[in-house]
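**Q** One structure, as structure tokens, below. Some questions next.
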Amino acid sequence: MFYLYHNPRCSKSRAALALLQEKSVSFETVLYLENPPTTDELSQIISALKLSSARDLMRKGEAEYKQLGLQELTDEPALIAAMCKHPKLIERPILIHGKRAVIGRPTQNLLTLLE
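Going by this note's numbering, the first residue of the sequence shown is number 7, and it counts up by one from there.
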């Protein structure tokens with residue numbers, strides 16, 4: 007099963023949703039702003055994305071990033087906890103399938119997981 011971490015207000019996320027529907031992919035939509043991931047779930051996503059740091063999944067342009075002083079933080083569990091508490095900081099869209107995941111920026115990145 008595929009899972010799409012989706013923000014309906016984001017054009018890239020809507021484009022990812024449209025691509026999956028166009029390709030007739032069976033998937034479940036995760037509205038992560040309404041139902042944020044747990045720290046364990048987010049850690050698994052970071053691992054599936056093969057990111058070297060939780061910071062690589064953060065939206066550094068968001069006001070919360072600066073307000074919370076995250077640019078100075080180096081503690082990985084604290085970065086993950088901040089994203090769980092403030093899910094707006096999580097980059098999107100994210101497509102997950104098993105132990106693999108990809109960020110849909112650009113949208114064509116999703117195709118690597120569909121192949």
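Even glycine gets a Cβ: it sits at the ideal position worked out from N, Cα and C.
The model shown is predicted, which means the values in this text are computed figures rather than measured ones.
With a CB to CB cut of under 7 angstroms and the five nearest residues on each side skipped, what residues in its chain are close to L95?
**A** By one-based count along the sequence shown, residue 95 stands at place 89. M64, R65, E68, E70, Y71, A88, M89, listed in sequence order.
**Q** Going by DSSP, what residues sit across from V108 in a beta bridge?
**A** Residue 108 sits at position 102 when you count from the first residue of the sequence shown. DSSP, once it has assigned bridges, lists L101 as partnering V108.
**Q** In three-state terms, what does DSSP make of E47?
**A** For the purposes of this step, residue 47 is identified with residue 41 of the sequence shown, where counting begins at 1. In the structure shown, E47 sits in a helix (DSSP, three-state: H, G or I).
**Q** Just the Cα atoms here: how many angstroms apart are L25 and V36?
**A** Translated into positions along the sequence shown, residue 25 becomes position 19. Translated into positions along the sequence shown, residue 36 becomes position 30. Between L25 and V36, the C-alpha separation is close to 16 angstroms.
**Q** What span of residues does the beta strand (DSSP E) with E34 cover, start to end?
**A** The residue you call residue 34 lines up with position 28 of the sequence shown. Taken as a continuous stretch (DSSP letters only), the beta strand (DSSP E) holding E34 covers 33-36.
**Q** Out of curiosity, what's the CA-to-CA distance linking Q77 and I86?
**A** On the sequence shown, position 71 is the one that residue 77 refers to. On the sequence shown, position 80 is the one that residue 86 refers to. Near 13 angstroms, if we compare the C-alpha coordinates of I86 and Q77.
**Q** Could you tell me which residues DSSP puts in a beta bridge with I52?
**A** In the sequence shown, the residue the question calls residue 52 occupies position 46. The partner list for I52 (beta bridge, DSSP) is empty, contrary to what the question assumes.
**Q** For A21, which residues in the same chain have their Cβ closer than 6 angstroms to its Cβ, ignoring the five residues on either side in sequence?
**A** Position 15 of the sequence shown, counting from 1, holds the residue named residue 21. Closer than 6 angstroms at Cβ, skipping near neighbours: T113.
**Q** Among L117, L101, L119, T118, which one has its Cα closest to the Cα of S19?
**A** Position 13 of the sequence shown, counting from 1, holds the residue named residue 19. Out of L117, L101, L119, T118, L101 has the C-alpha closest to the C-alpha of S19.
**Q** Going by the beta-carbon positions, is the gap between A60 and E82 smaller than 8 angstroms?
**A** Within the sequence shown, the letter at position 54 stands for residue 60. Within the sequence shown, the letter at position 76 stands for residue 82. Taking 8 angstroms as the Cβ cut-off, A60 and E82 qualify as a contacting pair.
**Q** By how many angstroms is the C-alpha of S17 removed from the C-alpha of L10?
**A** For the purposes of this step, residue 10 is taken as residue 4 along the sequence shown, with counting starting at 1. For the purposes of this step, residue 17 is taken as residue 11 along the sequence shown, with counting starting at 1. The straight-line gap from Cα to Cα measures roughly 14 angstroms.
**Q** For the alpha helix (DSSP H) containing L120, name the first residue and the last one.
**A** Taking the first residue of the sequence shown as position 1, residue 120 is located at position 114. From DSSP, the alpha helix (DSSP H) with L120 extends over 117-120.
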